[in-house]
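Residue numbers (the numbering used here), protein chains in the order written: chain A, 127 to 276; chain B, 127 to 276. Down below is the structure, laid out as structure tokens.
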DNA sequence: GTAGAACCTGGAGCGCGCTCCAGGTCAAGC
DNA sequence: GCTTGACCTGGAGCGCGCTCCAGGTTCTAC
């Protein structure tokens with residue numbers, strides 16, 4: 127124990143593990159969120175130390191990171207639960223998982239399109255305000271106020 | 127009153143108005159949400175009939191539709207409140223409003239970029255599952271199960 | 001052995017953006 | 001006058017995704 131990193135006894139056939147604090151730091155999730163995700167079934171029950179403290183393995187971290195990608199595409203907890211349950215059920219659910227991801231991907235594409243449409247309205251409004259400001263400066267306050275609609 | 131549309135007496139210098147039901151239908155918002163937006167100050171107090179019922183004008187509808195664009199870009203109610211308050215304060219706030227929209231636009235661009243990054247991880251996973259399924263079919267069930275990581 | 005930090009559990013609480021409800025008013029048709 | 005339905009108000013409630021809390025255990029350093 128010379129480095130600052132607390133480690134398990136490491137019985138040599140077991141890979142090194144991470145504490146909840148380390149996983150929190152690596153993923154950006156809070157301790158509470160990590161425990162919540164486990165309770166919610168998003169991640170399978172994580173291994174424990176002899177004293178019942180969580181010890182995450184590399185696979186747990188990888189899965190968490192994928193969950194974060196799903197969350198980052200706007201997938202709901204409920205859908206992630208469904209996906210996690212399929213995953214836990216083994217390889218026979220690969221087709222189902224593929225279908226879920228494809229559907230989600232399509233929705234995401236649509237959401238991105240909608241965002242871009244709305245963004246362009248935003249751009250128009252920005253242009254409009256810019257022109258208003260320019261005109262205001264050109265005319266150098268003649269008639270302050272009272273032409274408000276936008 | 128020959129058509130099914132209930133109208134105000136229409137004193138001729140007043141434009142035609144819309145009931146809350148008509149606005150709900152046009153905007154896709156519920157009656158409750160319309161009232162909530164008004165209570166929250168997102169829209170200024172809408173005109174009323176003699177019987178205290180809301181009568182929306184074209185300008186109200188236009189503003190609502192712009193709000194919906196803002197909402198559609200992920201702007202929070204709190205920010206929309208700020209924006210609406212600036213608007214209500216008149217033309218002197220145009221520069222502030224421009225600044226708000228620009229900042230929001232920048233955040234939106236970043237959010238869209240993040241979505242696309244996450245989407246590409248999703249695409250990779252989809253490819254991965256597709257390949258898994260293909261291999262499975264090629265090999266025609268030899269060793270069902272037990273190579274699960276993804 | 002002991003202090004203090006890190007961790008555990010179950011459950012309550014919160015901020016957001018609505019949504020619903022109770023109890024009432026108003027307008028139109030019969 | 002009566003019924004029906006659209007509308008009104010204030011306020012409670014809800015689903016989501018966490019976040020916080022109390023009370024207890026465990027781990028690490030000294």
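Don't be surprised by glycine CBs; every beta carbon is placed ideally from N, CA and C.
Under the three-state reduction of DSSP, residue 160 of chain A is assigned to helix. Taking a contact to require three or more Cβ pairs closer than 8 Å, the segment 213-226 of chain A and the segment 211-223 of chain B do not qualify as touching. Exclusion of the five residues before and after residue 154 of chain A leaves no residue of its chain whose Cβ lies closer than 6 Å to its Cβ. Chain-order list of chain A residues neighbouring residue 198 of chain B: 240, 244, by C-beta distance under 7 Å.
The C-beta of residue 220 of chain B comes closer than 7 Å to at least one C-beta of chain A. Following the DSSP letters along the chain, one finds residue 149 of chain B inside the alpha helix (DSSP H) bounded by residues 146-153.
Interface residue (Cβ-Cβ distance to chain B less than 7 Å): residue 255 of chain A is classified as such. Contact of residue 195 of chain B with chain A is assigned, a C-beta pair being separated by under 7 Å. In the DSSP assignment, residue 174 of chain A falls outside any alpha helix (DSSP H), carrying neither H nor E. The beta carbon of residue 203 of chain A sits no closer than 7 Å to any beta carbon of chain B. When rounded, the separation of the alpha-carbon atoms in residue 250 of chain B and residue 243 of chain B is 11 Å. The beta carbons of residue 173 of chain A and residue 210 of chain A sit no closer together than 7 Å. Close CB contacts of residue 144 of chain B within its chain, under the 6 Å cut and outside five residues either way in sequence, are with 182 (chain order).
Within the model, the alpha-carbon separation for residue 147 of chain A versus residue 198 of chain A is close to 22 Å. Of A/235, A/186, A/241, A/179, the smallest CA-CA separation from residue 200 of chain B is found for A/241. Chain A places a beta carbon closer than 7 Å to that of residue 231 of chain B, counting this residue as a contact. For the options B/255, B/149, B/175, the alpha carbon positioned closest to that of residue 184 of chain B is the one of B/149.
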